[in-house]
Each structure stands twice: as C-alpha cells, then as structure tokens.
Amino acid sequence: MQADVIQLYKSSLCTVHDFLCRCTECTVSKTEWQETFSIAYVRKGNFEFKVFRNDLDAHHGLFLVCKPGYEHRVGHVHDLPDECTIFSLPAENLESFKGQTNEFSWFFNNPDIQSVLIKATPQTEYLHHIIFCELAKSRHDALLIEQLVTNLLLMVVSTGDPQVHPVLSYKQKKFYLPIIESVKYYINDHFTDDISLTELAGIGHLSPFHFSRLFKQLTGVTPYTYLLRVRLTQATLQIRNTHLPITDIAFSCGFNSLEHFSASYKNIYGKAPSQLRV
C-alpha cells in the first residue's frame, strides 16, 4: 500500500498523524504490526481493516479503535483514496487512559477483540475538525491541542458498546458519502451562519428533499440536529474555557436567542449551561 503518513503533532501525551492513501489500484496491503493504541477518524474514503478473521468496513463517519500488539492488513473497497487522522497513545499513557474509560472495559478486557468501529457523532466530528484545523497552522498551542485531543478520545470511547451504524451500499459509500463529507465540513466551518437546507443541498447538487433523506440515512441525524449539536459543542468549550457571559457565547455560536440556546442545551445535556461553571 502506498501512502503518505505525515506527523502533525508529537508530545509525551500523544502523536497525531495524517494518513493519505496514494494507491492507484485496489490492493490489499502486506501484514502490518499495530505498535500503539490508536483511534483513527476516517475523513474520506472507504477501506477494509482486516484483523484475524474480522473484516471491518471502515468509511467516513466512523472511528477505528485499535489495540497495540496485533497484525492487520488494509484492503481497498473502491478507487477513492482514503484519508485518516490517527491519534496514538504511547504505552506509558495507555493504562491511565483505560482508567478513565470504564464504559470501554468490554473492549480492553476482551482478548478476542483487537479493533472496533465506533460511529462518529456531530460532537466528536466537530472536535476532530477543530484539532485538524489547529494542526494546519504554522504554530501550535500545545495545551489547547492536548486538551482537545484528550476530550475527543474520551468522548469517542465513552459511548460504551459500539453504536449500531447502518450498513452502506457500494453506491452510497462511493457516490453519496463524499457529498456528506463536504456538507459536514461546511457546517463545521460555518456553524455561526444562518444555514438553510437549500444551501446545504446545493453543495451536493441535490434537491432539498433528497438531500435531507440522504443525510439522515448516512449520519443518523437530520441536518438541523447536526448543526445544533455542533453549535452546542462549541458553546460547551467556551463555557468551560472562557469567562465570557453565557449570552455572548450563545450568540457567538449561532443561536438567535438566549432562550433557544438554554432550552436546546438542557434538552441535550440535561442541565442549564450556567451549571458548567458552578
């Protein structure tokens, strides 16, 4: 398998790599050794991750979680190259990480499970988006990067058992997932705007009705719910890490009233935004 693997960040806490497939034909890689615990977000494309007798169908919208110390192979599903962001923890940090993830003990304590796919959520995809954009800058704020990475990895595994994700057809993965990728990226980059369904559908040259149905099929949520949860995730980061008034945070994250923000926040998280600062 031909690929560019670019180190984006490295510290005693974690390493982040950008994996860019460069294969020109569908092949299966040679056996590779998984040296560290890693969580990879599939930004683009689709591939089969082969561990022992398990073939995991990895594609955009999923996180691939891998234990260290196992062999695997990777096979192409179609001619669209895959791109992944790979977060790796050194061995000295893995035990500490396990101690924070009781919901994921079924994975760590079962020697018959080496890798698993976890469905991404709007929250985890937005956190990944922030991290990836920060790492594209010429200078990094190490504390910010490591705090965001820690939040992301813990959030990915906090779901407990892997969420059931829909089995996608070849046509959906090759032709429709790239459209959804582009729409998600647009939402993550423009969530403060007053985004319309027609605007999002236009990115994929689809009718609003077709797009809305397709987005729900492939993500499990409506476009509005995805946008709302991105806004709430950004608001949570600001509430926890700044001293800005709650009202200012609400408007800066795209909400048009404090009442709407507070009601949405309590509906999703079960408590008022102000309680994060108590």
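Following the numbering used here, the residues of the sequence shown are numbered contiguously, the last one being 278.
Here a beta-carbon is modelled for each residue, glycine too, at the ideal position from N, C-alpha and C.
Taking a contact to require three or more Cβ pairs closer than 8 Å, the stretch 76-86 and the stretch 136-147 do not qualify as touching. Annotation for M155: T124 place their beta carbon closer than 6 Å to its own, counting only its chain and skipping 5 residues before and after. When secondary structure is reduced to three states using DSSP, F255 falls in the coil class, being assigned neither helix nor strand. Here T15 carries a strand assignment [DSSP, helix/strand/coil].
Counting along the chain, G220 sits inside no alpha helix (DSSP H), nor does DSSP assign it H or E at all. Counting of Cβ neighbours within 10 angstroms places R43 among the buried residues, the total reaching 16 or more. Between the beta-carbon of H59 and that of E32 there is about 19 Å, and that puts the pair past the 8 Å contact cut.
Here DSSP, grouped into helix, strand and coil, assigns Q100 to coil. For L117, no alpha helix (DSSP H) segment is defined; the enclosing uninterrupted segment is the beta strand (DSSP E) at S115 to K119.
Under the DSSP assignment, K67 falls outside any beta strand (DSSP E); it carries neither an H nor an E label.
It is roughly 17 Å from the alpha-carbon of D57 to the alpha-carbon of F19. Cβ neighbours of I179 within its own chain (closer than 6 Å, five residues either side excluded): G204. The beta carbon of P122 sits closer than 6 Å to the beta carbons of Y226, R229 and V230 from its chain, once the five residues preceding and following it are set aside; these are given in chain order. If you check the CB distance, L218 and G61 come in under 8 Å.
Listed as beta-bridge partners of L89 by DSSP are F37. Secondary-structure assignment with DSSP links A58 through a beta bridge to F47.
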